[in-house]
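Residue numbers (the working numbering), protein chains in the order written: chain E, 5 to 258; chain R, 25 to 588; chain U, 79 to 466.
We treat Cβ as the ideally placed atom computed from N, Cα and C, and that holds for glycine.
Here the structure comes first, spelled out in C-alpha cells, and everything after it is commentary.
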Amino acid sequence: MSSAIDPRATSAMLYLDGVHVTFDGFHAINNLSLTIAPGEMRAIIGPNGAGKTTMMDIITGKTKPDEGDVLFDGITDLTRLDETQIAELGIGRKFQKPTVFESQTVEDNLLLALNADHRVRSTLFWQRSKADDAAIDCVLDTIRLDNARRQLAGSLSHGQKQWLEIGMLLAQDPKLLLVDEPVAGMTDIETHQTAELLKEINRDKTVVVVEHDMTFVRELGVKVTCLHEGSVLAEGSIDQVSANDRVIEVYLGR
Amino acid sequence: MTWKAAANAAFRFFRRGIAVPFNSTIRRCIARLLKQASAIAALAIVACTTIHAQATSFDDAVALFAARSFADSEQAVGQLQISGNPQAYSIISALRDGRLYADDDTKKVFIKAADGKITDAATGQPVATMPDVAGVVRLNNRLRRTVEAALGNLTLLSPDVTTRLQAAQSVFKNHDSAALPLVDAALKTETNETVKRALAVARAAIVLFKSDASEAEKLDAVAAVKARGDQEALALLSSLPGDLSPAVARGATSAMASIKSNLALWSTVQDAWYGISLGSVLLLAAIGLAITFGVMGVINMAHGEMVMLGAYTTFVVQDAIRTYQPAMFNYSLLIAVPLAFLVAGIIGVLVERTIIRFLYGRPLETLLATWGLSLVLQQAVRTIFGPNNREVGNPSWMSGAFELGQITITYNRLWILCFSLAAFTILLAMLRYTRLGLEMRAVTQNRRMAASMGIATSRVDALTFGLGSGIAGIAGVALSQIDNVSPNLGQSYIIDSFMVVVFGGVGNLWGTLVGAFTLGIANKFLEPVAGAVLGKIAILVLIILFIQKRPRGLFALKGRAVDA
Amino acid sequence: MRHTLTRSLDRSATTFLLIVAGAGILLPLSNLLLPASSPLHVPTYVMTLFGKYVCYAVLALSIDLIWGYCGILSLGHGAFFALGGYAMGMYLMRQIGPRGVYADPVLPDFMVFLNWKTLPWYWYGFDMFWFAILMVVLVPSLLAFCFGWLAFRSRVTGVYFSIITQAMTYALLLAFFRNDFGFGGNNGLTDFKDLLGFNVQASGTRAALFATSCLLLALSFLMCRAVVRSKLGKILIAIRDAESRTRFLGYRVESYKLFVFTLSACIAGLAGALYVPQVGIINPSEFAPGNSIEAVIWVAVGGRGTLVGAALGAVVVNYAKTLFTSGALAPYWLFMLGALFILVTLLLPKGLVGTWYAWREGRQRAALSLDADSAAFEDSGVKPHMAE
C-alpha cells in the first residue's frame with residue numbers, strides 16, 4: 005500500500021480512505037473518506053446509524069475494516085494494530101456512554117489513565133511519584149473535580165463522569181482525542197463549560213468530536229462533517245452544512 | 025429373575041469400582057454390554073434346561089466310539105448327526121479320515137488334527153497328550169458310506185435354512201476339499217438365494233485350496249470370494265497357499281486390495297453413522313441450551329437436570345402404563361413427550377421467575393445459581409426415586425436392528441435421529457413463523473430496542489426459558505431410551521452440550537445443528553484412532569483451540585450489539 | 079476518609095493474620111504437648127481436618143484473586159489444585175520405595191500391578207523433594223500460562239472462559255482416570271509412608287503439616303494482598319469493571335490477565351500439594367468439575383473481592399459440610415449446598431465479609447457527614463468494592 009499513498013496522507017493526523025465495514029450484510033461504513041489535519045478540531049454529526057461510533061471503533065482498532073486505508077500521523081497503518089497499540093500511539097477515546105472505573109476513586113481513575121509504563125512488571129512494583137501527583141492535580145483542576153478526588157467514581161453525577169472521562173483522556177496525554185457525545189445528559193452551563201474545555205484542549209491536541217447537540221457544535225465553531233449511511237454527506241462550516249439540502253432531508257426525513 | 029438381579033448388582037459394583045461418573049460413553053457402553061450379556065445369560069439359562077438331556081445323549085454317543093465296534097460307531101454317527109452339536113462335524117470327519125482315537129478304559133475319544141494337535145472330541149478342548157492305549161477308531165465300507173451321508177445331512181442338506189447357511193459358512197471356513205461333491209450336490213438342490221450364494225462362495229473357497237483345480241476355475245473362485253467382500257473373505261484370501269499360479273496369485277492380491285478398500289469404506293460409513301447418531305443425541309441435549317443461552321444469554325447449568333426430569337417423566341409414564349394399561353406400552357413415549365415438555369417447561373418458567381429473573385446482566389452469578397439449582401434437582405430426584413438406575417423400556421417399534429450393507433443400524437438410534445431432526449425443524453419453524461418466535465428473535469438481536477417496541481421482554485424471557493427447558497425435557501424422553509435413567513443423567517450431557525453451543529456459535533440454531541453433528545462425527549472418527557477417552561480429550565482440546573480462531577463459534581452474530 | 083478506610087482494612091488483615099498464626103502455633107502445640115485427657119487437647123484428626131480447610135482457604139484465595147479482583151471466573155481451579163496434589167503425591171509414592179505391597183524398589187505398586195517394567199520418564203526426579211516442589215509450582219503455572227495465553231489472546235471472556243476452563247478440568251479428569259496415563263488410574267496415588275523421612279501418619283508430622291499450611295495461608299494472603307494493593311491491583315479492578323476502557327488506556331489486558339491467572343494457578347497448586355499428605359490420597363475425582371465450582375461458592379459466601387472473606391468462606395462452608403455430611407442430615411447436604419449457591423448469589427452478592435465491610439463503611443460515612451456540615455460528597459449510589 006506504500007506505493008499508492010495519497011499525498012494528503014503524509015501531512016494528515018488522521019486519514020481514512022475508501023473504508024468499508026459490513027456486519028452480516030449490513031453496510032455500517034460505506035466508502036468513508038476523511039482527513040483530519042494536525043491541530044484541527046472536527047465535529048462529526050449525523051443521524052442514528054450513520055456510522056459515527058463504528059468509525060470511532062475503526063480508528064481505535066476495535067473493529068477491523070473490510071477494506072480501505074486508515075493512517076495515523078501520516079505513516080502508521082492503524083488497521084494492523086490492536087486497541088492497546090493504538091492507545092500507546094497516542095489516540096485517546098471517550099465512549100458514548102461515560103465509562104469510568106466506578107469502584108475506584110476519581111484520583112485512581114486518573115492515576116490509571118496517566119501516560120506511564122503499562123507493562124505488568126512495572127505496574128506491580130510501581131511507586132507513587134511527585135510528578136504523578138502533580139499531573140493528577142493539574143487534570144483534576146482542569147476538569148473541576150478537585151473536591152471529589154477521593155470519592156468513588158461511581159458516585160459522581162452523570163456530567164461529572166463525562167468530565168472525569170475527558171480528564172482521563174487528558175491524563176493519557178494523547179496526540180488525537182476522539183470524543184463521543186461529550187455533552188449528552190449535561191445542563192446548559194455544563195455544556196458550555198465542556199465546549200470551553202474542548203477548545204482549551206484543542207490548543208495543543210487534535211480533537212474529533214461526535215455530537216448530536218447542534219448548539220454545542222455551533223459553539224465549538226469548527227469544521228463539521230455530516231455522516232449518513234456510513235459515508236460523508238457534507239463537510240464545511242456549521243452554517244454551510246445545516247443549509248445543505250441533503251442534510252436537511254436526512255435529518256428531517258420525508 | 026435372579027440373573028437380572030445379579031447382573032444389576034454386578035453393574036452397580038462395576039460402576040462403583042471404576043467410578044467414572046462423568047464418562048457417559050464408557051458408562052453407556054458398559055450398560056449396553058451388560059444388557060446384552062444379561063440377555064444372553066437369560067437365553068443360556070432357558071436353553072440349558074432343555075438342552076441338558078441332549079447334551080448327555082451327545083456325550084453317550086461320543087463314548088460309543090470307544091467300544092471300537094463298527095455297529096456302535098454307526099450308531100454313534102447316527103446319534104451325532106441328529107444331536108445338532110457343533111462338534112459333530114469335526115468328530116465324524118475325523119472318523120472318516122482315520123484321525124479319531126478312542127480310549128477303552130476311560131471311554132474318552134480324541135481327535136488328532138492333520139498337524140498332530142489333539143483335542144477332546146466331546147468338548148473340543150485341546151489336550152496335551154493322548155493316553156498310549158488309545159487307538160484309531162476303524163472304518164469299514166458300510167460305515168464309510170454312513171459317514172459320508174451323515175456329513176452331508178449334518179451340514180448342507182439340513183431342512184433348516186439357518187443350519188444350511190451355517191454349514192455353508194463352515195465349509196467356507198475350513199475349505200475341506202472332501203466336501204466338494206456335497207457342496208455341488210447341495211448347490212443343485214438349493215432354492216434359497218442366500219444359502220445358494222453362501223454355497224457358491226464355499227465352493228470357491230474349496231476350489232482355491234484344491235491343488236488340482238484348473239487355473240480358470242481358481243480365477244472364477246477368486247472372483248466369487250471377492251464378491252463376498254467381508255472380513256472372512258479377506259482372511260481366506262490372505263491364507264491361500266504359496267504355490268498358486270502367477271495369474272491366480274495376482275488375482276487374489278487384487279481381490280484382497282479391493283476387499284480391503286471396500287471394507288475401509290464400510291467402516292467409514294459405520295463410523296459416520298455412529299457419529300451422526302451421537303450428533304443427534306448432542307443436538308437434542310444442546311438445542312434447548314442454545315435457546316436459553318442464545319436468546320437470553322443465560323447460562324443454565326441445570327439444563328442437564330431438565331433432561332433428567334424428562335427421562336424420569338418417561339419412567340413415571342411407563343410405570344403407570346405397566347400398572348394400569350399394559351397394552352398401551354408401545355404408546356408410552358408418545359404420551360411421555362408432551363408430558364416431559366410440560367413438566368420441564370413449567371419447572372423452567374418457575375425457575376426463571378424465582379431465580380434467573382433477578383440475575384440478568386450477571387451471567388457469572390447466573391451460572392453459579394443454576395449450578396446450585398442442579399444440585400437441588402438432582403438430590404430431589406434422588407430422594408424421590410432413589411439413587412439407582414430406573415428401568416425405562418424400549419417400545420417394540422424402537423427395539424431391534426437391521427443390516428445395511430456391512431453395517432448394523434439399531435432402530436432406537438434411527439428414531440432418535442429422526443426425533444432430534446424433527447425437534448430441530450419444529451423449533452426452527454416456531455422461531456420463524458410464530459409471534460413468540462418473532463419476539464424471541466427480536467429480543468436476541470436487541471433487547472432494549474425490542475422492549476421499546478412494546479415487546480414484554482420479561483414474558484418473552486420466561487417463555488423462552490420454559491421453551492428451552494421443555495425441549496430439554498423431551499430430549500430426556502429420547503435419551504431415556506439409550507442411557508441409564510439415574511439422577512446423574514444430566515451431568516453427563518451438560519459439558520458436551522455447552523461444547524456444542526460454544527462451538528456452533530450463540531444465537532443461531534443452525535450453528536447448534538452443525539456443531540452437534542460435527543462434534544459427534546469428529547468424536548466417532550477419532551475414537552478408533554485414539555480410543556474413546558483420548559478421543560474425547562482430543563475433541564475438548566480441539567474446541568479450545570478452535571475458540572482461538574473464532575471466539576464466538578462457527579455461526580456467530582457480528583456487529584456492535586454483540587459487545588454491548 | 080480514605081485513610082480511615084485503609085486503616086480499617088489493615089485492621090481486618092492484621093486480625094486475620096493473627097488468627098492464622100495463632101491457629102498455626104497453638105493447635106499443633108496443644109496436640110503434641112497436652113495429654114489426651116486434657117480438655118484443651120486437640121486430637122490429631124481434628125487438626126488434620128482443619129489442615130484440610132486451611133488448604134481449601136488457600137485455594138479460595140487463589141480463586142478470589144482472579145474472580146474477585148479481575149472478574150475472571152475459572153471453573154477449573156480444582157485442576158490446578160489437583161495437579162499440585164499429584165506432583166506431591168508422586169514424590170510421596172517414590173518415598174515408599176520397597177515398602178510397597180510388591181516391594182519393588184523403584185516402581186510404585188500400581189505400575190507393578192499393571193506389569194510395567196520401567197518407570198515412565200515423567201516420574202523421573204520425583205524422588206527428590208526439591209524437584210517435586212518445583213513441579214508443584216511449575217506444572218499448574220505452566221498449564222495456566224498456556225491455557226490463559228490461548229484464551230486471553232483471543233479474548234475469550236465471561237461465561238465462555240468459565241465453560242472452557244470447565245472443559246479443561248473435565249478433560250484432565252478423563253485423562254487421569256486412564257491407567258495407561260501413569261498416575262494410578264482411578265485409584266490415584268495413596269498408601270503414602272513418609273515425607274522428608276518423617277512418617278506421614280505420625281502426630282508430629284501432622285502437626286508440622288498443619289503449621290506449614292497455616293504458614294502458606296499467611297504467605298499467600300500477604301502476596302495476594304500485595305498484588306491487589308499495587309497499581310497492578312487497580313488495573314485488575316479496572317479490567318473487571320470496564321475491560322475495553324482499560325484497553326483504550328493503553329494497557330495490554332491479556333498480559334495482566336495472564337499474569338494473575340498464572341499466579342493464581344501457582345497458589346492453587348501449592349495448596350493442593352499440602353492437601354495431599356494430610357488427606358493421604360489424591361485421585362482423579364479431585365478434577366471433577368463440581369469441585370471447582372464448589373470452591374467458587376466458598377469465595378462467594380465469604381465475599382469476593384475481599385481476601386479475608388474468601389479464606390473465611392472456605393473454612394465456614396467446609397466446616398458446615400463436615401457437620402452435615404457426618405450426621406443424620408447427610409441426605410440433605412446437597413440441598414443445603416444447592417440452596418447456598420442460589421441464596422448467596424441472589425441475596426448476599428457481596429458475601430459475608432463484603433456485606434460487613436459495606437455496612438461498616440456506611441456507618442463511617444454517616445458519622446463523617448454528621449461531623450462535617452458542609453458535606454461536599456454525594457453519597458447516593460455508592461458502590462463499594464465489588465461493583466459489577
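Distance from the CA of residue 391 of chain R to the CA of residue 70 of chain E, rounded to the nearest whole angstrom, comes to 36 angstroms. For residue 434 of chain R, the enclosing beta strand (DSSP E) starts and ends at 431-434.
Note that the C-beta distance between residue 499 of chain R and residue 312 of chain R is below 8 angstroms. Look at residue 320 of chain R: its C-beta is not under 8 angstroms from any C-beta on chain U.
Looking at the backbone, the Cα of residue 251 of chain E and that of residue 180 of chain E are separated by about 27 angstroms.
For residue 238 of chain E, the enclosing beta strand (DSSP E) begins and ends at 235-240.
Cβ-Cβ separation between residue 446 of chain R and residue 435 of chain R: approximately 16 angstroms, too far for a contact (criterion under 8 angstroms).
When rounded, the separation of the alpha-carbon atoms in residue 109 of chain E and residue 379 of chain U is 26 angstroms. Against residue 97 of chain E, the close residues of chain U are 326, in the order they occur along the chain (beta-carbon pairs closer than 8 angstroms).
Taking all protein chains shown into account, residue 563 of chain R has 16 or more neighbouring C-beta atoms within 10 Å of its C-beta and is therefore buried.
DSSP places residue 283 of chain U inside the alpha helix (DSSP H), whose first and last residues are 281-307. Of R:495, R:579, R:124 and R:571, the smallest CA-CA separation from residue 310 of chain R is found for R:495. From the listed residues R:180, R:164 and R:163, the smallest Cα separation to residue 113 of chain R is found for R:180. When rounded, the separation of the alpha-carbon atoms in residue 261 of chain U and residue 141 of chain U is 26 angstroms.
Here DSSP, grouped into helix, strand and coil, assigns residue 40 of chain E to strand. In the three-state DSSP reduction, residue 136 of chain R falls in the strand class (E or B). The Cβ atoms of residue 315 of chain R and residue 481 of chain R do not sit closer than 8 angstroms to each other. Residues of the segment 162-177 of chain U with a C-beta atom less than 7 angstroms from some C-beta of chain E do not occur.
Looking from the CA of residue 245 of chain U, the closest CA among U:355, U:152 and U:412 belongs to U:152. By the rule that beta-carbons nearer than 8 angstroms mark a contact, residue 112 of chain E touches chain U. Beta-bridge partners assigned by DSSP to residue 47 of chain E: E:213 and E:228. Listed along chain E are 105, 106 and 107, each with a C-beta nearer than 7 angstroms to that of residue 319 of chain U. Counting along the chain, residue 212 of chain R sits inside no beta strand (DSSP E); it lies in the alpha helix (DSSP H) bounded by residues 204-213. Nearest CB-CB separation between residue 329 of chain R and chain U: not below the 8 angstroms threshold. Here the alpha carbons of residue 90 of chain E and residue 58 of chain E stand approximately 16 angstroms from one another. Of all alpha-carbon atoms in R:163, R:532, R:223 and R:215, the one lying nearest the alpha-carbon of residue 191 of chain R is that of R:223. Per DSSP, reduced to three states, the secondary structure at residue 97 of chain E is strand. Residues of chain U with a Cβ closer than 7 angstroms to the Cβ of residue 67 of chain E do not exist, since the nearest Cβ in that chain sits about 12 angstroms away. Rounded to the nearest whole angstrom, the C-alpha separation of residue 553 of chain R and residue 559 of chain R is 8 angstroms. The beta carbons of residue 260 of chain R and residue 326 of chain R sit no closer together than 8 angstroms. Annotation: the continuous alpha helix (DSSP H) that includes residue 255 of chain U extends over 236-255.
Any Cβ of chain U closer than 8 angstroms to the Cβ of residue 168 of chain E would place that residue at the interface, and such an atom is absent. Between the beta-carbon of residue 373 of chain U and that of residue 155 of chain U there is about 6 angstroms, and that keeps the pair under the 8 angstroms contact cut.
Under the DSSP assignment, residue 180 of chain E falls in the beta strand (DSSP E) whose first and last residues are 180-184. For residue 419 of chain U, the secondary structure class from DSSP, reduced to helix, strand or coil, is helix. Inside the segment 148-220 of chain U, DSSP marks no whole beta strand (DSSP E) run of 3 or more residues.
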